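Participant: Following this message is one structure expressed as structure tokens.
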Amino acid sequence: MQTLRVYLEPDEMPTHWYNVVSDLKNPPSPPLGPDGNPVPPEKMLAIFPMPLLEQEMSAERWIAIPEEVRQIYALWRPSPLCRALRLEEALGTPAKIFYKYEGVSPAGSHKPNSAVPQAYFNKVAGTKRLTTETGAGQWGSSIAFAGQMFGLPVRVYMVKVSYEQKPFRRSMMQTWGAEVFASPTNLTQAGRDALAKDPNSEGSLGIAISEAVEEAASQAGTCYTLGSVLNHVLLHQTVIGLEAKKQFEKIGLYPDSIFGPCGGGSSFGGIAFPFLADKAAGDKRAENLDCVAVEPSSCPTLTKGAYAYDFGDASGYTPLMKMYTLGHDFMPPGIHAGGLRYHGDSPLVSQLLHEKLIRAAAVPQVATFEAGVQFARSEGIIPAPESCHGIRAAIDEALRCKKTGEAKVILVNLTGHGHFDMASYDKYLAGKLEDYDYPSAAIADSLKHLPKVAA
Ligand SMILES: *Cc1c(COP(=O)(O)O)cnc(C)c1O
87 MQTLRVYLEP
97 DEMPTHWYNV
107 VSDLKNPPSP
117 PLGPDGNPVP
127 PEKMLAIFPM
137 PLLEQEMSAE
147 RWIAIPEEVR
157 QIYALWRPSP
167 LCRALRLEEA
177 LGTPAKIFYK
187 YEGVSPAGSH
197 KPNSAVPQAY
207 FNKVAGTKRL
217 TTETGAGQWG
227 SSIAFAGQMF
237 GLPVRVYMVK
247 VSYEQKPFRR
257 SMMQTWGAEV
267 FASPTNLTQA
277 GRDALAKDPN
287 SEGSLGIAIS
297 EAVEEAASQA
307 GTCYTLGSVL
317 NHVLLHQTVI
327 GLEAKKQFEK
337 IGLYPDSIFG
347 PCGGGSSFGG
357 IAFPFLADKA
367 AGDKRAENLD
377 CVAVEPSSCP
387 TLTKGAYAYD
397 FGDASGYTPL
407 MKMYTLGHDF
417 MPPGIHAGGL
427 RYHGDSPLVS
437 QLLHEKLIRA
447 AAVPQVATFE
457 AGVQFARSEG
467 IIPAPESCHG
477 IRAAIDEALR
487 CKKTGEAKVI
497 LVNLTGHGHF
507 DMASYDKYLA
517 GKLEDYDYPS
527 AAIADSLKHL
537 PKVAA
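In the numbering used here, the protein residues as written are 87 to 541.
Now the structure itself:
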């Protein structure tokens, strides 16, 4: 029988996360305050606990994964590395396609890889309650689960339109013991202001962020959590790539290319950075390694955005970060991969792209679902709409290999399953899904509103 899954023993789980900052030629650009000066760490302490702030600013190469975190990781980690043999056969490609499957976590995606350590470090720092915002509910459910593991109460501000349209993610959060509010609420000034402007407001991620941050900043003992973008989130996610490296070692292979979806960049950084460490160390196997962050062509942050300082949120509440951005007031079309509708991107992923250590590609929506259905029909797993972006690009690479006869090794990050996204699959199957043109005029417009700072 052909081996299709490469497993690791529980004690082969990584003991440390890898910090890519240690291998960067140029130091990362610091977050800036509204005055254009770096934000003083004390200010961030109002919403983040010290251990996570230290990780956020660290240049240390290896950061220990606490035993308590590994113990929770062990509920589903190490995650399997699988060979997509049936997909290869369906495509008729000489390429070998592997996927790292993160849908085995309790919440069904990679997000608990960071939710668990965020809850843990908050707990040990004495935080009494966590707040966060969530759109479609992937992050909210991950932090609800993680908070429950460490006995930390969690409050989730969920964008009202999702709260009403995606009731099952809300049920998951409540099952794990979190309080979930439809944002805008009248619990915060930001929420009250939004409701005063429009009593029937359906909410937005920007408003929900403002509510969650405001509560954390104004209440001693309450901290805010974020599911992507920030350096410490990418750090935690490197457990994906570190495991994958060990798994490839077991079968004596090494990837030629790595594809993953990219919204805020955490899962992409998580799978790619540990392999890029080999490249930085001069490892011959990684010399021509091609790491590709895949985004929707309707929200083409990395491929069409500007590399500039911008706000992290729509309302201009957060510090300025140097990143690829479409402008903080860019309104992405309502595509079905909710996790990829972000105007900005991780500053670390952005820097690596700017320094040409990784590549980016954009793919249209209908083609991603086509890839997701082909994957489901050959491999069985129904991928999350976000994950379908990486799969699309991996399939395209496998088809290119078919033409050239190259037996390349392709790795794709299967960041989650799509069991809560079947309404989107329904639309695709009914032929009702649309591609949205790359909104160049809208991007040009919102790029005019980038904050002015000396770069
Ligand atoms: C949130 C999410 C993403 C995108 O977030 P990143 O931080 O870019 O990884 C991708 N896939 C799934 C399944 C998600 O839930």
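All residues carry an ideal CB built from backbone N, CA and C; glycine is no exception.
As the structure is a computational prediction, the values presented were derived from the model and not from experiment.
#1: Assuming SER343 is part of the beta strand (DSSP E), what are its boundary residues?
#2: Can you give the Cα-Cα distance for ASN199 and VAL325, rounded to whole angstroms?
#3: Note the first and the last residue of the continuous beta strand (DSSP E) segment covering PRO382.
#4: I want to check one thing, is the minimum distance from the CB of SER227 to the heavy atoms of ligand 1 below 7 Å?
#5: Just how far apart, CA to CA, sit TYR104 and PHE359?
#6: Return the CA-CA distance between LEU110 and PHE267, expressed in angstroms with no decimal places.
#7: Could you name each continuous beta strand (DSSP E) segment of 3 residues or more that falls completely within the stretch 102 to 141, going from the start of the chain to the end?
#8: When the Cα atoms are used, what is the spatial distance from TYR206 to ARG486?
#9: How big is the Cα-Cα spacing for MET130 and THR311?
#10: Would a C-beta distance cut-off of 8 Å place ALA303 and ILE293 closer than the cut-off?
#11: Around the Cβ of PRO471, are there at least 16 other Cβ atoms within 10 angstroms (buried) or fewer (exposed)?
#12: Mind checking which residues open and close the beta strand (DSSP E) that includes THR308?
#13: Could you tell me the distance, in whole angstroms, from the CA atom of GLY178 to the CA atom of PHE184?
#14: Are the beta-carbon atoms of ILE337 and LEU412 separated by less than 8 Å?
#15: Compare the Cα-Cα distances from TYR79 to each of VAL155, HIS535 and GLY226 and report the closest residue.
#16: What's the gap between the Cα of LYS538 and the Cα of LEU138?
#17: With a 10 Å radius around its C-beta and 16 neighbouring C-beta atoms as the bar for buried, classify ALA306 as buried or exposed.
#18: Using three-state DSSP, classify PHE266 as helix, strand or coil.
#19: Could you spell out where the beta strand (DSSP E) holding ASN199 opens and where it closes?
#20: Over the uninterrupted beta strand (DSSP E) stretch that includes MET87, give me the two end residues.
#21: Shorter than 7 Å, the distance from the beta carbon of LEU426 to the closest heavy atom of ligand 1, or not?
#22: Is DSSP giving PHE184 helix, strand or coil here?
#23: Here's the rule I'm using: 16 or more other beta-carbon atoms within 10 Å means buried, otherwise exposed. How should ALA150 be labelled?
#24: Cβ of GLN333 within 8 Å of Cβ of LEU167?
#25: Measure the CB-CB distance between ALA232 and VAL202 and report whether it falls below 8 Å.
#26: Using the Cβ count rule (16 or more neighbours within 10 Å means buried), how would you classify MET87?
#27: Run the proximity test for LYS197: is its beta-carbon closer than 7 Å to any non-hydrogen atom belonging to ligand 1?
#28: Helix, strand or coil: which one does DSSP assign to TRP148?
#29: Between the beta-carbon of PRO469 and the beta-carbon of GLY504, is there less than 8 Å?
#30: Based on DSSP bridge pairs, tell me the residues matched to ILE477.
#31: Just checking PRO347 against ligand 1 - is the residue's beta carbon closer than 7 Å to any of the ligand's heavy atoms?
#32: Which residue comes first and which comes last in the alpha helix (DSSP H) that contains MET417?
#33: Distance check for GLY355 and LEU320, CA to CA, integer angstroms please.
#34: For GLY476, which residues of its own chain have a beta-carbon under 8 Å away from its beta-carbon, when the five flanking residues on both sides are left out?
#35: Short check: CB of GLU140 to CB of SER108, under 8 Å?
#36: What's the C-alpha gap between VAL459 and ALA447?
Facilitator: So, from the data block:
#1: Where SER343 is concerned, the enclosing beta strand (DSSP E) stretches over 343 to 347.
#2: 8 Å
#3: In this chain, the beta strand (DSSP E) harbouring PRO382 covers 376 to 382.
#4: No.
#5: 8 Å
#6: 41 Å
#7: Qualifying beta strand (DSSP E) stretches, in chain order: 102 to 104.
#8: 44 Å
#9: 12 Å
#10: Taking a C-beta distance under 8 Å as the contact criterion, ALA303 and ILE293 do not qualify as a contact pair.
#11: buried
#12: 308 to 310
#13: 15 Å
#14: Going by C-beta atoms, ILE337 is not nearer than 8 Å to LEU412.
#15: Outside the shown range of the chain (87 to 541) lies residue 79, about which nothing can therefore be said.
#16: 29 Å
#17: exposed
#18: With the sequence shown as reference, residue 266 is identified as Val, and Phe is not the correct amino acid for it. VAL266 falls in the strand class under three-state DSSP.
#19: Not the beta strand (DSSP E): ASN199 falls in the alpha helix (DSSP H), residues 198 to 210.
#20: Counting along the chain, MET87 falls outside any beta strand (DSSP E), and DSSP gives it neither H nor E.
#21: yes
#22: strand
#23: By the neighbour-count rule (16 or more Cβ atoms within 10 Å), ALA150 is not buried but exposed.
#24: One thing to note: GLN333 has its Cβ within 8 Å of the Cβ of LEU167.
#25: Yes. Within cutoff.
#26: exposed
#27: LYS197 Cβ: within cutoff of ligand 1.
#28: strand
#29: yes
#30: In the DSSP output, where bridge partners are listed per residue, ILE477 has none listed.
#31: yes
#32: DSSP places MET417 outside any alpha helix (DSSP H), giving it a letter other than H or E.
#33: 6 Å
#34: PHE345, GLY346, PRO347, VAL380, VAL498, ASN499, LEU500 and THR501
#35: no
#36: 20 Å
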